[in-house]
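Worksheet: the structure to be examined is printed underneath.
Residue numbers (the numbering used here): 69 to 315.
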């Protein structure tokens with residue numbers, strides 16, 4: 069009888085044990101990261117900030133995202149406006165013609181600044197491909213390591229760039245990112261986030277911006293190079309006068 073009771077207790081104990089949780093996917097990690105950084109507020113709030121003496125504004129207009137860059141040249145106010153694939157430049161209130169080759173360069177510049185300021189929100193864009201590479205420890209903290217590539221269709225002029233994001237395994241916030249690029253001779257950059265703050269529910273950070281001392285390094289090994297002190301600090305990327313308003 070005692071043996072029967074012991075067997076029943078053992079079976080009940082095993083049945084009550086939780087099944088091991090399935091590992092998170094890259095998509096689930098990114099979704100949690102976006103949720104913890106602002107979530108749906110990105111979709112129905114306009115944002116503005118200043119970066120290197122230029123003002124950047126992101127607005128929602130008739131279901132479309134409108135990205136602006138505003139700055140002064142002497143007494144002229146220049147406003148660059150990117151809406152979808154369309155780019156327009158205004159000098160004061162007058163629309164001016166810009167050759168397509170230059171317009172593409174301006175549009176990419178506007179988009180790039182807004183993209184980094186709004187991360188991780190952009191990681192769910194339609195052209196983004198995400199791959200979980202496992203976990204990596206940087207500066208003593210464990211992170212999910214996610215590789216991001218882009219489809220040619222919808223991925224912009226720099227669709228062949230490769231990005232890597234390190235997302236904290238505890239709070240799911242992106243702590244570091246890196247990317248390889250091909251314009252202007254190509255290269256690699258590694259950014260460390262700091263000065264985190266939330267403005268009306270949306271997360272903003274500044275970055276220390278590094279490059280590898282060895283130009284032939286592998287972008288997937290750049291986190292290890294950072295840990296070893298083999299990156300060179302190039303600049304700081306700081307956002308000021310941040311504003312967030314409901315549309």
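We treat Cβ as the ideally placed atom computed from N, Cα and C, and that holds for glycine. Since we're looking at a predicted model, the values are computed, not measured.
Per DSSP, the bridge partner or partners of residue 314: 113
Proximal residues to residue 279 (C-beta, below 8 Å), its chain only, five neighbours per side dropped: 255, 256, 257, 258, 299, 300, 302
Residue 209 beta carbon less than 8 Å from that of residue 179: no
Closest Cα partner of residue 194 within the set 211, 219, 116: 219
Residues bridged to residue 237 [DSSP beta-bridge criterion]: Looking at the DSSP assignment, residue 237 forms no beta bridge with any residue, so it has no partner.
Supposed close pair residue 260, residue 232 - CB separation, criterion 8 Å: Residue 260 to residue 232, Cβ: 13 Å. No contact.
Delimiting residues of the beta strand (DSSP E) encompassing residue 199: 196 to 206
Residue 168 - DSSP class collapsed to helix/strand/coil: helix
Closest residue to residue 111 among 101, 291, 156, 128 (Cα-Cα distance): 128
First through last residue of the alpha helix (DSSP H) which encompasses residue 293: 290 to 295
Distance, residue 96 Cα to residue 125 Cα: 29 Å
Residue 261: first and last residue of the uninterrupted alpha helix (DSSP H) it sits in: Taken as a continuous stretch (DSSP letters only), residue 261 belongs to no alpha helix (DSSP H), being part of the beta strand (DSSP E) at 255 to 267.
Span of the alpha helix (DSSP H), counted from its first residue to its last, around residue 216: Unbroken run through residue 216 is the beta strand (DSSP E), 209 to 218; no alpha helix (DSSP H).
Local Cβ density within 10 Å of residue 182, reported as buried at 16 or more and exposed below that: buried
Per DSSP, cross-strand counterpart(s) of residue 151: 134, 154
Reduced DSSP secondary structure (H/G/I, E/B, other) of residue 228: coil
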